[in-house]
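Colleague: Each residue of the sequence shown is one higher than the one before, starting from 1 at the first, in our numbering.
Yeah, the Cβ is synthetic: ideal placement off N, Cα and C, and Gly gets one too.
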Amino acid sequence: MTLLRVDRLSISYSDKGKNLEAVSTATFSLAFHENLAIVGESGSGKTSLAGAFLPPKARREKKISGSIYFKEKPLWEDPYPPIAFIFQDPQAALDPTMKIGHQLAEAIFENKKARYRKALSLLDEVFLPNVERIFHCYPHELSRGMLQRVNIAIALAKNAELIIADEPTTALDITTNYQILSLLQTLQEKRGFSLLLISHHLALVRTLCARTIVMHQGRIIEEGKTEDLFAHPRHPATQKLIASAHFFSHNKELPSTTQPLEAL
Ligand SMILES: Nc1ncnc2c1ncn2[C@@H]1O[C@H](COP(=O)(O)OP(=O)(O)OP(=O)(O)O)[C@@H](O)[C@H]1O
Ligand SMILES: [Mg+2]
């Protein structure tokens, strides 16, 4: 049984009266306990694609077609699928007027006393210190790295079987970035959730995901084992992505593909 099957998913927005197709007929699947990365240049439709997994009330797109099956059942017919989201801005995902602990407790379906205990143990599970103090903090009182840990704790509270992480470490400094990466790895070994990771950070993709999808102008242009795809990118847009990442990680020479974006 596959965990996730996305079939000919198209998503469009209405932009000044015009129809803008952000995702065109995306088809892919994800096995249980598999991690899949989605990479692609800015504006290629990655976040729009992730948006299709949000509950209908939280979605922003104008038109959506195709289908998503989660554990072989139509996703949009399930009001509470075990799917959690981690976004780039850890603060935006939280309610600024509500204490951390209460936001976490809302995701726990147990009685009040058990919820408090569970919330503390979840804060502990994501390696936050002084959990009683953090329980009573408001989001603005914590660092971004701590807030991203809180978001991960909320995903755990929901017993998520799939975590969709859209640039989870981009807003964090390099050390925190690394800490969040190892936290996700540790938790995954323990909890066994699958991960759909959207990231520009190819080193992160390589570490976490055995398989990668490349998007370009709303379409999936390449898909394969991460190692093979990074070693032998076929599409010019993929080559450009990898060359740019290589430039920033080694700072050796300018990427050879320096054509303007529209040429790719
Ligand atoms: N709410 C919206 N209304 C109108 N157009 C949108 C909206 N959100 C995204 N788009 C458009 O859809 C296309 C895809 O955007 P999307 O945010 O999905 O790209 P992305 O791959 O996530 O980019 P990035 O890597 O910069 O986050 C872009 O042309 C963008 O302008
Ligand atoms: Mg995005």
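1. Evaluate contact between the segment 24-35 and the segment 219-227, counting only Cβ atoms and requiring at least three cross-stretch pairs below 8 Å.
2. Shortest alpha-carbon distance to S65 belongs to which of S12, K113, I174 and A210?
3. When a residue counts only if its C-beta is closer than 6 Å to some heavy atom of ligand 1, which residues count, in chain order?
4. In this structure, how does DSSP classify M1 when only helix, strand and coil are distinguished?
5. Please state the DSSP three-state secondary structure of D228.
6. CA-CA distance, P260 and S121?
7. Just the C-alpha distance for P255 and A153, rounded to the nearest angstrom, thanks.
8. Would you report the Cα separation of R191 and S244, rounded to the nearest angstrom?
9. How should F109 be labelled, buried or exposed, when 16 other C-beta atoms within 10 angstroms of its C-beta is the threshold for buried?
10. Between S67 and P74, what straight-line distance do the alpha-carbon atoms span, to the nearest angstrom?
11. With DSSP collapsed to three states, give me the class of A263.
12. What are the residues that DSSP puts in a beta bridge with F28?
13. Please check the pair F193 and A160, which I expect to be a contact at CB under 8 Å, by giving their CB distance rounded to whole angstroms.
14. Out of H140, V150 and Y138, which has the shortest C-alpha to C-alpha gap to F127?
15. Taking the alpha carbon of L202 as the point to measure from, which residue in L187, N177, T186 and L183 has its own alpha carbon closest?
16. Please list, in chain order, all residues of the same chain as P233 whose beta carbon is under 6 Å from its beta carbon, the five residues on each side excluded.
17. When you compare the CB positions of L9 and A58, do they come within less than 7 Å of one another, or not?
18. Among all the DSSP beta bridges, which residues are the ones paired with A84?
Modeller: Working from what's here:
1. Yes, the segment 24-35 touches the segment 219-227.
2. Position 65 of the sequence shown, counting from 1, holds the residue named residue 65. Out of S12, K113, I174 and A210, S12 has the C-alpha closest to the C-alpha of S65.
3. Having a Cβ closer than 6 Å to some heavy atom of ligand 1 are Y13, D15, L20, A22, G40, S42, G43, S44, G45, K46, T47, S48 and R60.
4. Counting from 1 along the sequence shown, the entry for residue 1 is found at position 1. If DSSP states are grouped into helix, strand and coil, M1 belongs with coil.
5. The count along the sequence shown starts at 1 and reaches residue 228 at position 228. Under the three-state reduction of DSSP, D228 is assigned to helix.
6. In the sequence shown, residue 260 corresponds to position 260, counting from 1. In the sequence shown, residue 121 corresponds to position 121, counting from 1. Note that P260 has pLDDT 41, beneath the 50 cutoff, so the model's placement of it is unreliable and no number is given.
7. Walking along the sequence shown from the start, residue 255 turns up at place 255. Walking along the sequence shown from the start, residue 153 turns up at place 153. Low per-residue confidence applies at P255: pLDDT is 43, beneath 50, and the placement is therefore not dependable, though the value from the model is reported in the following sentence. Answer to the nearest angstrom: the Cα atoms are 39 Å apart.
8. Numbered from its first residue, the sequence shown carries residue 191 at position 191. Numbered from its first residue, the sequence shown carries residue 244 at position 244. Roughly 34 Å between the two C-alpha positions.
9. Residue mapping note: residue 109 aligns to position 109 of the sequence shown, counting from 1. Using a 10 angstroms sphere on the CB of F109, the tally of other CB atoms stays under 16, which defines it as exposed.
10. Position 67 of the sequence shown, counted from the first residue, corresponds to residue 67. Position 74 of the sequence shown, counted from the first residue, corresponds to residue 74. For the pair S67 and P74, the Cα-to-Cα distance works out to about 7 Å.
11. In the sequence shown, the residue the question calls residue 263 occupies position 263. Any answer about A263 is weak, because its pLDDT of 36 lies below 50 and its placement is not dependable; what the coordinates show is given next. It is helical.
12. Along the sequence shown, one-based indexing puts residue 28 at 28. According to DSSP, F28 bridges with V6.
13. In the sequence shown, residue 193 corresponds to position 193, counting from 1. In the sequence shown, residue 160 corresponds to position 160, counting from 1. Between F193 and A160 the beta-carbon gap is near 5 Å, inside 8 Å, which marks them as a contact.
14. Taking the first residue of the sequence shown as 1, we reach residue 127 at position 127. Checked all of H140, V150 and Y138; the closest Cα to F127 is V150.
15. For the purposes of this step, residue 202 is identified with residue 202 of the sequence shown, where counting begins at 1. Minimum Cα distance to L202 is reached at N177.
16. Within the sequence shown, the letter at position 233 stands for residue 233. Counting only Cβ-Cβ distances below 6 Å, and skipping sequence neighbours, we find Q239 and I242.
17. Position 9 of the sequence shown, counted from the first residue, corresponds to residue 9. Position 58 of the sequence shown, counted from the first residue, corresponds to residue 58. The answer is no: Cβ separation not under 7 Å.
18. Reading the sequence shown from its first residue, position 84 is the one you call residue 84. A84 is bridged by DSSP to I163.
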